[in-house]
Structure formats: C-alpha cells, structure tokens
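Written below as structure tokens is the structure these notes are about.
Protein chains: 2
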Amino acid sequence: MEELHNKNTNLVRDIIIGMSDGLTVPFALTAGLSGVLNTNHLIIVSGLAEITAGCISMGLGGYLAGQTEVDHYNTELKREYSEIDNIPLVELKEVEEIFIELGVSELLSKQVAIQVSKDKKHWAEFMMKLELKMEEPDKNRAAISASTIAVSYLAGGFIPLFPYIVSSNSKIGFIISCIVTIFALITFGYFKSKMTGQPLLKGTIKVALTGIIAAAAAFLLAKAVS
Amino acid sequence: MEELHNKNTNLVRDIIIGMSDGLTVPFALTAGLSGVLNTNHLIIVSGLAEITAGCISMGLGGYLAGQTEVDHYNTELKREYSEIDNIPLVELKEVEEIFIELGVSELLSKQVAIQVSKDKKHWAEFMMKLELKMEEPDKNRAAISASTIAVSYLAGGFIPLFPYIVSSNSKIGFIISCIVTIFALITFGYFKSKMTGQPLLKGTIKVALTGIIAAAAAFLLAKAVS
Numbered sequence: 008m009e010e011l012h013n014k015n016t017n018l019v020r021d022i023i024i025g026m027s028d029g030l031t032v033p034f035a036l037t038a039g040l041s042g043v044l045n046t047n048h049l050i051i052v053s054g055l056a057e058i059t060a061g062c063i064s065m066g067l068g069g070y071l072a073g074q075t076e077v078d079h080y081n082t083e084l085k086r087e088y089s090e091i092d093n094i095p096l097v098e099l100k101e102v103e104e105i106f107i108e109l110g111v112s113e114l115l116s117k118q119v120a121i122q123v124s125k126d127k128k129h130w131a132e133f134m135m136k137l138e139l140k141m142e143e144p145d146k147n148r149a150a151i152s153a154s155t156i157a158v159s160y161l162a163g164g165f166i167p168l169f170p171y172i173v174s175s176n177s178k179i180g181f182i183i184s185c186i187v188t189i190f191a192l193i194t195f196g197y198f199k200s201k202m203t204g205q206p207l208l209k210g211t212i213k214v215a216l217t218g219i220i221a222a223a224a225a226f227l228l229a230k231a232v233s
Numbered sequence: 008m009e010e011l012h013n014k015n016t017n018l019v020r021d022i023i024i025g026m027s028d029g030l031t032v033p034f035a036l037t038a039g040l041s042g043v044l045n046t047n048h049l050i051i052v053s054g055l056a057e058i059t060a061g062c063i064s065m066g067l068g069g070y071l072a073g074q075t076e077v078d079h080y081n082t083e084l085k086r087e088y089s090e091i092d093n094i095p096l097v098e099l100k101e102v103e104e105i106f107i108e109l110g111v112s113e114l115l116s117k118q119v120a121i122q123v124s125k126d127k128k129h130w131a132e133f134m135m136k137l138e139l140k141m142e143e144p145d146k147n148r149a150a151i152s153a154s155t156i157a158v159s160y161l162a163g164g165f166i167p168l169f170p171y172i173v174s175s176n177s178k179i180g181f182i183i184s185c186i187v188t189i190f191a192l193i194t195f196g197y198f199k200s201k202m203t204g205q206p207l208l209k210g211t212i213k214v215a216l217t218g219i220i221a222a223a224a225a226f227l228l229a230k231a232v233s
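Protein chains in written order, with the working numbering: chain A, 8 to 233; chain B, 8 to 233.
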C-alpha cells in the first residue's frame with residue numbers, strides 16, 4: 008500500500024476556501040437584488056463591487072494570516088527557548104510526560120528525555136511539535152495561499168454574475184444565474200468531497216444547500232426591506 | 008514563568024475570521040455603491056443582502072469545514088490502522104525514524120518504537136500526531152466555530168452599514184461610514200495584533216489597509232462600470 012495521504016492539502020484547502028465563498032456570496036447578493044430591481048445594471052455593479060471586495064479581503068486576509076502564523080510560531084519558539092534556559096527541569100519533566108503519554112515506559116521516557124534535551128534546538132522544536140502542536144509554517148506559503156484564495160473567489164464569483172451581464176432583464180438573469188450556479192455548486196461540491204475524502208452525495212448536498220440557503224435568505228431579506 | 012501560550016486560540020481565531028471579512032466586505036460594497044447611487048435605500052438593501060449571505064456562507068461554511076475535519080481525521084486514522092495491520096514493519100521503521108529525527112539515538116529509538124507499537128491504539132495515534140501532524144478535532148467545535156464566525160461577521164458588517172441607515176443621502180452616509188469603519192478597523196487591528204502577539208503598529212496598519220484598499224478598489228470599479 009502506497010502512502011499518499013494528504014498531499015497538496017494546502018492548495019486544495021485554499022481553492023475550497025475561495026471558491027466556497029466566491030460561488031455563494033455573489034450568488035446570494037445578486038439573487039437578493041434581482042428581487043427588488045428590474046434592470047441588471049445595478050446588480051452587475053453590486054456584484055462586481057462585492058467580488059472585488061471579497062477577493063481583496065480574502066486574498067490579502069489570507070496573506071496576512073499566513074504572515075501572522077509565521078510571527079506567532081517565532082514568538083512561541085522564543086518562549087520555549089527562554090523556558091529551556093530558565094526552567095530546564097520543568098521542561099525536562101514535560102518531555103518525559105509526553106513520552107509516557109505516547110505509551111513509553113517511565114524508565115525509557117527519562118532516558119529519551121535526556122537525549123532530546125542534549126541539543127537545545129532539537130529540544131525547543133520537540134516542545135513546539137509535541138507540547139504546543141505547532142508546525143513550522145512555510146514562509147512562502149502566505150503569498151501562494153493569498154493568490155490561490157483570491158483567484159478562486161474571482162472564478163467562483165463570476166459564475167453567478169455573468170448571467171446578469173448577458174441577459175436583458177433581472178428576472179431572466181436570476182433564473183439563468185440560479186440554474187448555472189446550482190449546477191456549479193453541485194460540481195464543486197462533488198470535487199470538494201472527492202478531494203477531502205467525504206461521502207460524495209452527502210458532501211455535494213452540503214455545498215449546494217449552503218449556497219441555496221444563503222441566496223434564499225438574501226432574496227427574502229431584500230424583498231422584506233424593500 | 009507561567010505557561011499561558013495559546014489558550015482560547017480557536018475562539019479568537021474565529022472572531023478574527025468573521026470580523027475581518029465582516030468589517031471589510033460590507034464596507035467596500037456600500038462604499039462602492041455610494042459612488043454610483045444618490046439615495047441610501049438600495050445601498051442598505053445590498054448591504055443587508057451581503058451581510059446575510061456572508062454570514063450564512065461563512066458560518067455554515069465554518070460548520071461544514073469543522074465536520075469535514077472530523078471526517079478527514081477519521082478516514083486517515085482508519086488508514087493508519089490498516090497500515091499497522093498490513094505493513095507493520097514499514098510502520099515500525101517510521102516510528103524509529105521519527106524518534107531519530109527528534110534527536111534520540113538509533114538504539115534507543117528502536118526500543119521506544121517497540122514500546123509504542125505494543126498498543127495498537129497508541130501506535131495509530133502516534134502516527135497521526137507525528138507522521139501526519141493531525142490532532143484529533145473536537146466534535147463540538149464545528150458548531151461553536153460556526154456561530155462565532157457568523158456573529159462576528161454580523162457585528163462587523165453592521166458598523167459600515169448603519170451610517171447609511173441613519174443618514175439622509177449616500178454622500179453623507181459614505182463619509183460617516185468611512186470614519187466609523189476606519190476607526191473600527193484600527194481598533195480591531197489593535198486588539199487582533201495584541202491577541203495574536205504581533206507588533207501592534209504593524210498589525211494595526213495591516214488590518215486598516217486591507218479594509219481601505221478593498222473599499223477603494225470597489226469604489227473605483229463601481230465608478231468605472233457605471
């Protein structure tokens with residue numbers, strides 16, 4: 008049996024993050040406005056403004072989140088080094104306890120802890136991984152993650168919007184947008200479920216329902232306040 | 008020195024996720040529309056439709072993501088059990104290599120690996136944590152996470168929107184919305200930086216700039232297509 012596991016997890020996760028919101032929010036916003044406007048012009052302007060805003064907010068947001076993760080890791084790493092310097096016996100006991108919890112005998116845990124603590128760098132990295140459960144983040148990932156989320160949001164957002172661009176009034180735009188977007192949500196839900204190892208039918212329905220519920224809520228609310 | 012580290016990390020993270028987009032996207036959308044509309048009514052309808060859609064998409068999205076995480080963990084755990092049953096020697100070697108990488112001698116790593124592998128449950132959990140770097144997700148977290156993100160988005164979104172509700176035209180609404188939201192972005196950026204241990208000035212500027220850039224882009228784009 009080959010060990011494949013979760014390769015490309017980050018890329019897939021970023022596409023899913025961007026596409027989920029990209030398909031859903033512009034779909035719901037334009038659907039909501041189509042209930043109160045007869046012509047498409049303002050629906051298109053709103054849709055484009057929303058896609059731009061969402062794209063920047065999520066993309067730049069993703070970039071900053073990635074940077075923060077790197078900063079956070081470094082802050083905690085510094086703290087571990089200072090704990091190793093200031094309270095080495097407490098930290099050594101923690102290493103022992105981690106091994107005991109992993110099923111290693113007390114005697115052997117003591118020996119292993121002493122070995123781990125011989126190299127300060129190893130020791131600090133060990134505490135990061137096993138006490139704080141933090142992995143060293145990839146410094147280049149922030150930019151890649153940001154671009155992936157932004158492009159996925161953009162791609163997702165144009166699917167519900169373009170029917171309003173090509174149709175003559177908001178009612179026809181709304182109907183085409185619903186058909187196209189629900190089809191896109193089902194397709195996206197299917198691939199998302201496949202990539203994340205979820206049951207296909209359940210996963211697909213979840214994604215499609217999220218979009219439909221958001222659109223229905225936006226539509227009803229827009230009608231109610233108009 | 009007390010060990011505080013990242014307590015409440017999940018809650019803070021969810022508030023940040025919801026509030027970041029909640030402050031930014033409705034701000035940018037309403038700002039964009041204020042450039043092409045004179046009256047506030049449609050800006051308010053659009054803003055409410057967007058907040059509803061964003062709230063459901065991010066909240067329900069967060070809930071489903073949490074559920075997926077649980078499913079994904081269980082799938083990988085099952086795979087680890089099957090690998091332990093089918094290729095135990097390969098898996099045992101992997102345990103050894105993990106310890107060697109942690110700074111434990113080869114001899115001791117062999118001993119420790121044999122101890123870890125005595126209990127199948129321990130062994131599988133060890134592989135999850137140290138080979139796949141996956142922590143067992145909390146089953147209740149999905150619902151809490153969803154509600155936190157949704158409420159934070161809602162709270163964030165009303166800040167840029169309410170100036171349009173209380174003002175007589177879109178120009179005044181826009182000016183008040185800018186002042187109030189930029190103030191809110193700075194406050195939010197300050198607390199976010201404090202909670203995540205970032206440099207305060209740098210962190211605050213990052214958050215405020217994201218919102219301002221998104222709003223400026225939406226404003227210019229809406230003007231351009233009108």
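A virtual CB, placed ideally from N, CA and C, is assigned to each residue, including glycine.
Every value quoted in this text rests on a predicted model; they were computed, and no experiment measured them.
Sufficient close CB pairs (3 or more, under 8 Å) joining the region 18–36 of chain A to the region 148–163 of chain A: yes
Nearest to E83 (chain A) (by Cα), restricted to the options A:I107, A:Y160, A:E142: For the purposes of this step, residue 83 (chain A) is taken as the residue at position 76 of the first sequence. For E83 (chain A), the nearest C-alpha among the options comes from A:E142.
Chain-order list of residues whose beta-carbon lies under 8 Å from that of K127 (chain B) (same chain, five-residue window excluded): Working through the second sequence from its first residue, we reach residue 127 (chain B) at position 120. Closer than 8 Å at Cβ, skipping near neighbours: Y88, I91.
C-beta atoms of V52 (chain B) and V52 (chain A) nearer than 8 Å: By 1-based counting over the second sequence, the position of residue 52 (chain B) is 45. By 1-based counting over the first sequence, the position of residue 52 (chain A) is 45. For V52 (chain B) and V52 (chain A), no; Cβs fall outside 8 Å.
E108 (chain A) burial status per 10 Å Cβ neighbour count (16 or more: buried): One-based indexing of the first sequence puts residue 108 (chain A) at position 101. When all chains shown are included, E108 (chain A) counts as exposed.
Per-residue burial, V97 (chain A) [other beta carbons within 10 Å of its own, 16 or more giving buried]: In the first sequence, the residue the question calls residue 97 (chain A) occupies position 90. Looking at its Cβ environment, which holds fewer than 16 other Cβ atoms inside 10 Å, V97 (chain A) is exposed.
Exposed unless 16 or more other CB atoms sit within 10 angstroms - verdict on P95 (chain A): Here residue 95 (chain A) corresponds to residue number 88 of the first sequence, with the count starting at 1. Result: exposed.
Check whether A221 (chain A) and T31 (chain B) have beta carbons under 8 Å apart: Locating residue 221 (chain A) in the first sequence gives position 214, where the first residue counts as 1. Locating residue 31 (chain B) in the second sequence gives position 24, where the first residue counts as 1. Going by C-beta atoms, A221 (chain A) is not nearer than 8 Å to T31 (chain B).
Simplified DSSP state of D145 (chain A), which is helix, strand or coil: Position 138 of the first sequence, counted from the start, is the residue given in the question as residue 145 (chain A). It is coil, neither helix nor strand.
Own chain residues within Cβ distance below 7 Å of L139 (chain A), not counting five before or after: As a working mapping, residue 139 (chain A) is identified with position 132 in the first sequence. Answer for L139 (chain A): E83, listed in chain order.
Host alpha helix (DSSP H) of T203 (chain A) (start-end): The count along the first sequence starts at 1 and reaches residue 203 (chain A) at position 196. Run containing T203 (chain A): none; DSSP gives neither H nor E here.
Reference Q74 (chain B), options B:S116, B:P33, B:L114, B:K146, closest by Cα: In the second sequence, counting from the first residue as 1, residue 74 (chain B) sits at position 67. It is B:K146.
V43 (chain A) versus Y80 (chain A) - alpha carbon distance: In the first sequence, residue 43 (chain A) corresponds to position 36, counting from 1. In the first sequence, residue 80 (chain A) corresponds to position 73, counting from 1. Computed Cα separation, rounded: 49 Å.
Own chain partners of A35 (chain A) with C-beta closer than 6 Å, once the 5 adjacent residues on each side are dropped: Against the first sequence, residue 35 (chain A) aligns to sequence position 28. Closer than 6 Å at Cβ, skipping near neighbours: A221, A222, A225.
Per-residue DSSP class, three states only, for T46 (chain A): In the first sequence, residue 46 (chain A) corresponds to position 39, counting from 1. It is coil, neither helix nor strand.
Status (buried if at least 16 other CB within 10 Å, exposed otherwise) for N45 (chain B): Numbered from its first residue, the second sequence carries residue 45 (chain B) at position 38. N45 (chain B) is exposed by the Cβ-count criterion.
Best match in B:D78, B:S175, B:S116, B:Q118 for proximity to N47 (chain B) [C-alpha to C-alpha]: Against the second sequence, residue 47 (chain B) aligns to sequence position 40. Closest by alpha carbon: B:S175.
I107 (chain B) Cβ short of 7 Å to the ligand NAD heavy atom set: Of ligands this structure carries none, so the ligand NAD is not represented either.
Local Cβ density within 10 Å of V173 (chain B), reported as buried at 16 or more and exposed below that: Along the second sequence, one-based indexing puts residue 173 (chain B) at 166. The residue is exposed, with fewer than 16 neighbouring Cβ atoms inside 10 Å.
For I94 (chain A), the three-state DSSP class (helix, strand or coil): Taking the first residue of the first sequence as position 1, residue 94 (chain A) is located at position 87. Correct three-state label for I94 (chain A): coil.
L55 (chain B) classed as buried or exposed, judged by whether at least 16 other C-beta atoms fall within 10 angstroms: Here residue 55 (chain B) refers to the residue found at position 48 of the second sequence. That one is buried.
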